[in-house]
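Protein sequences, first through last, are from chains A and B. My numbering applies: residue 148 is where the first sequence begins, and numbers increase by one. My numbering applies: residue 5 is where the second sequence begins, and numbers increase by one. Note that CB positions come from ideal geometry on N, CA and C, so glycine has one too. To start, the structure under review is shown below, and the notes come after it.
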Amino acid sequence: MSTETVPAATAARLRPTVAQTFVAMMAREVRVMRKNFVSTFIRVILQPLLFVFVFAYVLPKIGAGSGVGMFARVRGLPTFSTILVPGLVASSIIMQGMMAVIFPLMMELSWQRSITDRALAPLPIPMLAVEKIAAAGLQALIGGLLVFPAVLLIHARGQAPEVHVASWPMLVLVLVASSLLAASGGLLLGTLIDPQKIQVLFALVLLPMTMLGCVYYPWSALHSIRWLQIAVLANPMVYASEGLRAALTPQVGHMPAWAFLSVLVGGTGLLAWAAMRKFTARVLT
Amino acid sequence: MTRPAGLAVRTETLAKTYTGPRGEVPAVRGIDLAVRHGEFFGLLGPNGAGKSTTIGMLTTLVVPTAGRAEVCGLDVVRHPVEVKRRIGMASQNNTLDSDLTAVENLEFRGRYFGMTAAAARRRAQQLLDQFGLTDRRGANPFELSGGQAKRLMICRALVHHPEVLFLDEPTAGLDPQTRVNLWDLLRELQQGGQTILLTTHYMEEAERMCDRVAVIDHGKVLASGTVAELKNSAGADTVITVTYDGAAPAGVGALRARPGVSKVEITGGQVRVFAREPRGVLGELVSTGATAGVTVSDAAQLPPSLESAFLNLTGREYRE
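Structure representation (structure tokens):
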């Protein structure tokens, strides 16, 4: 045997800081993302792509010829594609952020309990939760950015979305906070839910979140259905959609900044704290 | 080679009680262990004895409910990160990172422990060579055979040169060839000074590999010491078997009264004597036969095995 196996002498030389370990774990996540980029790209882009294709291209085209006026341009009102830009970006961020943490976590906490692998890295367990949130947040952000070209470019003539960024810092803040909110919520759900009930999660949580997340309509337009306008406030996706609406299409009526910012930032803090506690309890027995 | 002072692993009345839907389930009920640096220590016990829970506590992932445990002089509850820096663990389950290839599993483990990417790459290649996995370096963990996955997990546990290596049932489910090869690799590690704590329920494994063992059952240490000490202290018997060329002489029944003999079984012409003190028993069986006019056609004397000691300690009822 070589000197490589003399443990006491060599072990003393390796003294990783928590930050070094954290960075190495993020490097692992980036490596995995790079490997899965094509499949992730297709998964992320396909739904919004088809959505804008049908609603911003096909339907206005049909409407123009057949007299179905619902998606045709009405003077003075925003086009449907303008409504969809912030909505579809927000829904992509929230969905990707949640799925990026829930699916691997289900595997890691059940069956072979492969979470042991990273739980043995020299990092406090709550920091492992933070790392998971950071990694899923990054994927959420990428998921949101990938949607932009599709929603900006696919539309029928005269149906172009009217997008102008009023405040770049606001846009960045909303994108980042929404990504972290989704990742924290995903981590909390992933530690709470029984892996066998993952189908239920989709049916009962993710689908209603999207349909009632002010993705396809602005929150202010719900004033005519007052009870719904109040009920959807429980849905975190509403704040991501409205935040992006304020940042990208400020001419469309949107929630005041203090409202969506306090939920996006405060909610992230709260969910991340709860997820860290729950995750630590699941990993340490 | 210089070894650090103190013990590699020390536990004092270490206990773990799980609280579940069926109330409180004690898994470990106060065990004391002392493993020296450079030692190959075996934790023996039937399924459900508390071996994995004990390893879990020593590797900081199971929180003890009473007592204390130290690894390299560090308390596992108060300094979990420091403890994790000094240990490597290969668990029973396949916990390889399935998003990474075999070699990436090793490289990233090295980087988690502060190695530069280049150093981690060199170390990974060295371990793959040492454990005969070089041609599987690009494989996904799901594509590896059981033995390859086990070896890769041990490599991964070794990447950062841990002071103590924990192996939870490393050879469970492996075929005999793979098992023997793995034993050779582990022996090589120990000769290089690696402290190893292994759990097993294979007596042969413990007998061949371990400097010292502790037998645990129902969450308690029943006996500990070297394999030889254990065989003696557990009252394991030597078994003397004699076959006569006719019916066994009636006189052999008198052996039951002989000091040091625990049991005599007679079936037709065959007599089996279980004796803690076997000297003279075979001679007496021959002379008793001669007196009765029958001769011994076959005779065998089996020394006590760790297995018989183990069964004496833990009983024979089925587990899980």
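Given that residue i touches chain A, what residues does it touch there, using C-beta distances under 9 Å?
{"i": "D101 of chain B", "result": "R175, V179, S261, D264 and R265"}
{"i": "R115 of chain B", "result": "P163, Q167, T168, V170, A171, M172, A174 and R175"}
{"i": "M207 of chain B", "result": "Under the 9 Å cutoff, chain A gives no residues; its nearest Cβ is about 27 Å from M207 of chain B."}
In chain order, what residues of the same chain have a beta carbon less than 8 Å from the beta carbon of residue i, not counting five sequence neighbours either side?
{"i": "T295 of chain B", "result": "P253 and G255"}
{"i": "M207 of chain B", "result": "L48, S309, L310, E311 and F314"}
{"i": "A251 of chain B", "result": "G272, G273 and V298"}
{"i": "L193 of chain B", "result": "L162, L169 and I200"}
{"i": "E211 of chain B", "result": "V231, S309 and L310"}
Under 7 Å, do residue i and residue j count as touching if we go by C-beta distance?
{"i": "A131 of chain B", "j": "T138 of chain B", "result": "For the record, residue 131 of chain B in the displayed sequence is Leu; it is not Ala. The answer is no: Cβ separation not under 7 Å."}
{"i": "L202 of chain B", "j": "G46 of chain B", "result": "yes"}
{"i": "V310 of chain A", "j": "V412 of chain A", "result": "no"}
{"i": "P296 of chain A", "j": "T229 of chain A", "result": "no"}
{"i": "T427 of chain A", "j": "Q306 of chain A", "result": "no"}
{"i": "I249 of chain A", "j": "M384 of chain A", "result": "no"}
{"i": "P145 of chain B", "j": "S95 of chain B", "result": "no"}
{"i": "G151 of chain B", "j": "T105 of chain B", "result": "no"}
{"i": "V1 of chain B", "j": "L306 of chain B", "result": "Examination of residue 1 of chain B is not possible in this model, given that chain B is present from 5 through 324 alone."}
{"i": "G118 of chain B", "j": "L418 of chain A", "result": "no"}
{"i": "A73 of chain B", "j": "L11 of chain B", "result": "no"}
{"i": "A421 of chain A", "j": "L335 of chain A", "result": "yes"}
{"i": "Y204 of chain A", "j": "I301 of chain A", "result": "yes"}
{"i": "T64 of chain B", "j": "K20 of chain B", "result": "no"}
Check the Cβ of residue i against every Cβ in chain B and list those closer than 8 Å, keeping chain order.
{"i": "T432 of chain A", "result": "Y22, G60, L65, V66 and V67"}
At a CB-CB cut-off below 9 Å, which residues of chain B make contact with residue i?
{"i": "L270 of chain A", "result": "V85, K88 and Y116"}
Determine the burial state of residue i: buried for a count of at least 16 other Cβ atoms within 10 Å of its Cβ, exposed for fewer.
{"i": "N183 of chain A", "result": "exposed"}
{"i": "G214 of chain A", "result": "For G214 of chain A, the predicted structure reports a pLDDT of 48, less than 50, and the residue's modelled location is therefore unreliable. A value from the coordinates is still provided. Answer is exposed; the Cβ neighbour count stays below 16."}
{"i": "W366 of chain A", "result": "buried"}
{"i": "E108 of chain B", "result": "buried"}
{"i": "V165 of chain A", "result": "exposed"}
{"i": "D172 of chain B", "result": "buried"}
{"i": "E147 of chain B", "result": "exposed"}
{"i": "T242 of chain B", "result": "buried"}
{"i": "F349 of chain A", "result": "exposed"}
{"i": "K88 of chain B", "result": "buried"}
{"i": "P269 of chain A", "result": "buried"}
{"i": "A378 of chain A", "result": "exposed"}
{"i": "G60 of chain B", "result": "buried"}
{"i": "N382 of chain A", "result": "buried"}
{"i": "M148 of chain A", "result": "With a pLDDT of 38 at M148 of chain A, under the threshold of 50, the modelled position of this residue cannot be trusted, and the question is left open."}
For residue i, collect the residues of the same chain with a Cβ closer than 6 Å to its Cβ; drop the 5 residues on either side in sequence, then sort them by chain order.
{"i": "E111 of chain B", "result": "A124, R125 and A128"}
{"i": "E86 of chain B", "result": "L78"}
{"i": "V312 of chain A", "result": "L318"}
{"i": "V285 of chain B", "result": "I244, V277 and A279"}
{"i": "D302 of chain B", "result": "T247"}
{"i": "N98 of chain B", "result": "A153"}
{"i": "A53 of chain B", "result": "I220 and D221"}
For residue i, which beta-bridge partners are listed by DSSP?
{"i": "V265 of chain B", "result": "B:A279"}
{"i": "A73 of chain B", "result": "B:T15"}
{"i": "F45 of chain B", "result": "B:L201 and B:R216"}
{"i": "A38 of chain B", "result": "B:R14"}
{"i": "D172 of chain B", "result": "B:T203"}
{"i": "Y364 of chain A", "result": "Answer is none; Y364 of chain A lacks a bridge partner."}
{"i": "G54 of chain B", "result": "For G54 of chain B, which the question treats as bridged, DSSP gives no partner whatsoever."}
{"i": "R33 of chain B", "result": "B:A19"}
{"i": "T242 of chain B", "result": "B:A279"}
{"i": "G92 of chain B", "result": "B:L169"}
{"i": "V300 of chain B", "result": "B:Y248"}
{"i": "Q305 of chain B", "result": "B:I244"}
Leaving aside the five residues before and after residue i along the sequence, list all residues of the same chain whose C-beta is less than 7 Å from its C-beta, in chain order.
{"i": "P195 of chain A", "result": "L235, S239, V294, A297 and V298"}
{"i": "M5 of chain B", "result": "Summary for M5 of chain B: the model assigns pLDDT 47, below 50, so the residue's position carries little reliability; its value from the coordinates is reported in the next sentence. The answer, listed in chain order, is G197."}
{"i": "K55 of chain B", "result": "L47, G49, T203 and I220"}
{"i": "A287 of chain A", "result": "I240, Q243, G244, A247, S326, A329 and A330"}
{"i": "T415 of chain A", "result": "A324, L327, L328 and S331"}
{"i": "L391 of chain A", "result": "P233, V236, A237 and V321"}
{"i": "D36 of chain B", "result": "T15, E16, T17 and V225"}
{"i": "R280 of chain B", "result": "G239, D241, G264 and S266"}
{"i": "R190 of chain A", "result": "none"}
{"i": "A303 of chain A", "result": "A203, Y204, P207 and K208"}
Determine the chain A residues that contact residue i at a beta-carbon separation under 8 Å, and present them in chain order.
{"i": "N382 of chain B", "result": "Past the edges of chain B, shown from 5 to 324, lies residue 382 of chain B, and the structure says nothing about it."}
{"i": "Q281 of chain B", "result": "The displayed chain sequence assigns Glu, not Gln, to residue 281 of chain B. Near E281 of chain B there are no residues of chain A at all, since even the closest Cβ is about 43 Å away, more than 8 Å."}
For residue i, go through chain A and note every residue whose CB falls closer than 7 Å to its CB, in chain order.
{"i": "F278 of chain B", "result": "Here the premise fails: no neighbours, minimum Cβ distance about 43 Å."}
{"i": "S95 of chain B", "result": "T263"}
{"i": "F112 of chain B", "result": "A171 and R175"}
Quick check: does the Cβ of residue i come within less than 6 Å of any heavy atom belonging to the ligand MG?
{"i": "K279 of chain A", "result": "This structure lacks the ligand MG, and indeed carries no ligand of any kind."}
Give the residues of chain E in contact with residue i, contact being defined as C-beta atoms less than 9 Å apart.
{"i": "M119 of chain B", "result": "The question asks about chain E, but that chain is absent: this structure's protein chains are A and B."}
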